[in-house]
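Here the protein sequences come in this chain order: A and B. Going by the working numbering, the first sequence opens with residue 1, and the numbers climb by one from there. Going by the working numbering, the second sequence opens with residue 1001, and the numbers climb by one from there. No residue lacks a Cβ here, since even glycine has one placed at the ideal position from N, Cα and C.
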Amino acid sequence: MPLDAIPVVVVHSATNQIGDNAVLSGNAPVLLHEIAELTRKLLDSGESSAIDLRALPLTPADLDWLREALGQGQVAATLEAEGESTLSETICPGVWWVTHHNENGAVASEFIEVTFVPELLKAHPDDVRIGLEHLDLLISDLSNDSVST
Amino acid sequence: MQGPLIDTLARQGVTRRAFMKYCATLASMMALPPAAGRAMAEAMAAAPAAAKRPSVIWLPFQECTGCTESITRSHSPSLEGLIFDAISLDYQETLMAAAGHQAEEALHAAMKANEGKYLLIVDGSIPLGLDGAYSCIAGKSNLEALKEAAKGAAAIVAMGSCAAYGGIPKANPNPTGAVSVSDIIKDKPIINIPGCPPIPVVMTGVLAHFLTFGSLPELDGKGRPKAFYGETIHDRCYRRPFYDQGKFAKTFDDEGARNGWCLFELGCKGPVTYNACATVKWNGGTSWPVESGHGCLGCSEPDFWDAGGFYKALSMPADPLKMVANAAVVGAAAGVAISFANRGKKSAAKSAHETTTLADLEK
Ligand code: SF4
Ligand code: SF4
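Okay, here's the thing in structure tokens:
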């Protein structure tokens, strides 16, 4: 049974509608300082870092606030591996918002990565080698084909 | 199975990126810094899967099979499942096809063939009353079976709160004289994986650690792997900001409850409970008790059944019998509870909390 088949109704109470103040904890703006610090480190030493958003006391509204503040940059990549992962650069180049979903579509982990390119996007030399083998195979097929025609 | 783990996984259709993603998530669950995810991925990818396919023997004692239910939920199509395949589960009553004498033979054959090397997993507590007659398998008391199997084990995993601390069977008045594994076995390394039931991925995570590093993870004072039990539910609870602001739900259907405020006054034991629910969640990451609107019961701590009541705030006196006699005191304590709405007062909550071993408030 899909989860939405369970008839749960969210009742928005008056305080909920007063606005985001009801659920914002004030912990998100502080994070901007940390992100700035990590960005400085990236520029100075080239060292990448990450913030585990699940390890911090952030409400869903805090996360929305942060997401909105950092915005959506030019690059967004999707990885299909045991559930979808999205890696999108924010309007601050080098600051990436990384969300891993599991097979059920639930968020399994969520990070802010401060790096030129997220590790997950780079191809590993071992995998590149396998790709090369495949290319060689394609090429040899090509010459086989030309012989037969 | 040969070659590094990553090759084994690749043969099963798991890509390197899927594996890196798994490690990043595992690191987050283990409360490790994000960079640890990459280090783990490298170590685990290179680890030889072949040499270390240890024999695992799983003995069920005084238990409800909830722990087995939980573990099997983790692992049909998922990556943890594949890592789980890297062990040889030689005896598990619920999962094995063999029964009766056949099963007993499998058990003894595995114990003999892997003497000194197998990993023994135990779920359930061990009753000592009536010479152990309360729980027997194949005519042998749990006590005898545990001692026999422990002798040749490299290490023992006490799976679930019953094996780790006695659990429900040990709850007052403990009619069967139930005790934990560590109450009986003193000469083997014992890893406690408490929880009622434990989170599936914690179990597979400990196994992954064992397989990749060939060693047991670091344990805390209660014998639990620090990686998963290093922080309290409260430390990573998404309702924590409301606790810090002193915003509490007072009933399960009031304004505060609807706004998702802190459940401390409704009896949440998150502040004294070390477990990974707040990050790992349950049912494949769908939700977890506090997210569903119910406080933490403290199920991964010793004697949580006798901690004074699931719906009583931690700062209230714990002994339910005394509660009746001292109704006036209870009223006073309820008032005090409200002022505990900040971290600095943790120790005040501790002294107000009478007998329970749960009151491990200092982090
Ligand atoms: S007391 Fe419970 S609900 Fe409140 S912040 Fe702590 S863990 Fe979360
Ligand atoms: S939230 Fe608390 S009681 Fe519930 S499963 Fe987790 S540790 Fe156990």
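If you compare the alpha carbons of B/Tyr-1238, B/Pro-1060, B/Ala-1098 with that of B/Cys-1136, the shortest gap goes to B/Pro-1060. Look at B/Val-1290: its beta carbon is less than 7 Å from one of the heavy atoms in ligand 1.
Under DSSP, B/Tyr-1274 shares a beta bridge with B/Thr-1232. Distance from the C-beta of B/Ile-1199 to the nearest heavy atom of ligand 1 is not below 7 Å. Interface annotation, B/Met-1111: not in contact with chain A, CB-CB separation never under 8 Å. Contact between the segment 27 to 34 of chain A and the segment 59 to 67 of chain A is present, with at least three C-beta pairs closer than 8 Å. Neighbours of B/Pro-1289 in chain A, taken as residues at a C-beta separation under 8 Å, are lacking, since the least C-beta distance is about 16 Å. Of the residues B/Glu-1218, B/Leu-1207, B/Trp-1282, B/His-1294, the one whose Cα lies closest to the Cα of B/Pro-1197 is B/Trp-1282. A/Phe-116 sits exposed, since fewer than 16 C-beta atoms from the chains shown fall within 10 Å of its C-beta.
The beta-carbon distance between B/Ile-1193 and B/Val-1157, rounded to whole angstroms, is 6 Å. This is short enough to meet the 8 Å contact definition.
Its Cα nearest to that of B/Lys-1147, the residue B/Ile-1121 stands out among B/Gly-1160, B/Ile-1121, B/Leu-1130.
Within chain B, the residues whose beta carbon sits less than 8 Å from that of A/Val-23 are Asn-1259, Gly-1260, listed in sequence order. Nearest Cα to B/Arg-1236 within the set B/Arg-1224, B/Cys-1262, B/Arg-1258, B/Asp-1254: B/Cys-1262.
Under the DSSP assignment, B/Ile-1184 falls in the alpha helix (DSSP H) whose first and last residues are 1181 to 1184. Not a single CB atom of chain B sits nearer than 8 Å to the CB of A/Pro-125. Going by DSSP, B/Ser-1028 is part of the alpha helix (DSSP H) stretching over 1016 to 1029.
B/Pro-1289 is classed as buried because its beta carbon has at least 16 other beta carbons within 10 Å across all chains shown. Around B/Thr-1251, no beta-carbon contact reaches into chain A at under 8 Å, the shortest distance being about 14 Å. Between B/Gly-1195 and B/Cys-1299 the beta-carbon gap is near 6 Å, inside 8 Å, which marks them as a contact. Per the coordinates, the alpha-carbon of B/Gly-1167 lies some 8 Å from the alpha-carbon of B/Gly-1124.
At the C-beta level, B/Tyr-1118 and B/Ala-1154 come within 8 Å of one another.
When B/His-1108, B/Thr-1068, B/Tyr-1022 are compared, the shortest CA-CA separation from B/Met-1203 is found for B/Thr-1068. An exposed status is given to A/Gly-46, since fewer than 16 other beta-carbon atoms sit within 10 Å of its beta-carbon.
Secondary structure note for B/Met-1159: its beta strand (DSSP E) is the uninterrupted segment 1153 to 1159.
Collapsing the DSSP output to three states places B/Ile-1121 in a strand.
Following the DSSP letters along the chain, one finds B/Glu-1218 in no alpha helix (DSSP H), marked with neither H nor E. Judged by their CB atoms, B/Ser-1182 and B/Gly-1223 are nearer to each other than the 8 Å cut-off. Of all alpha-carbon atoms in B/Lys-1188, B/Gly-1037, B/Ile-1057, B/Thr-1065, the one lying nearest the alpha-carbon of B/Met-1111 is that of B/Ile-1057. With respect to chain B, the C-beta atom of A/Thr-59 has a partner C-beta closer than 8 Å. With a cutoff of 8 Å on beta-carbon distance, A/Ala-106 and A/Ser-88 are scored as not near each other.
Within a 10 Å sphere around the beta-carbon of B/Lys-1021 sit 16 or more other beta-carbons, which makes this residue buried.
If you ignore the 5 residues before and after B/Met-1040, its C-beta comes within less than 7 Å of the C-beta of Cys-1023, Leu-1026, Ala-1027, all in its own chain and listed in chain order.
Within chain B, not a single residue places a beta-carbon under 8 Å from that of A/Glu-133; the smallest gap is close to 13 Å. Going by beta carbons, A/Thr-90 and A/Gly-73 fall inside the 8 Å limit.
Residue burial annotation: B/Arg-1239 is buried, with at least 16 other C-beta atoms found within 10 angstroms of its C-beta. Using a Cβ-Cβ cut-off of 8 Å, A/Ile-51 is close to Pro-1034 of chain B, given in chain order.
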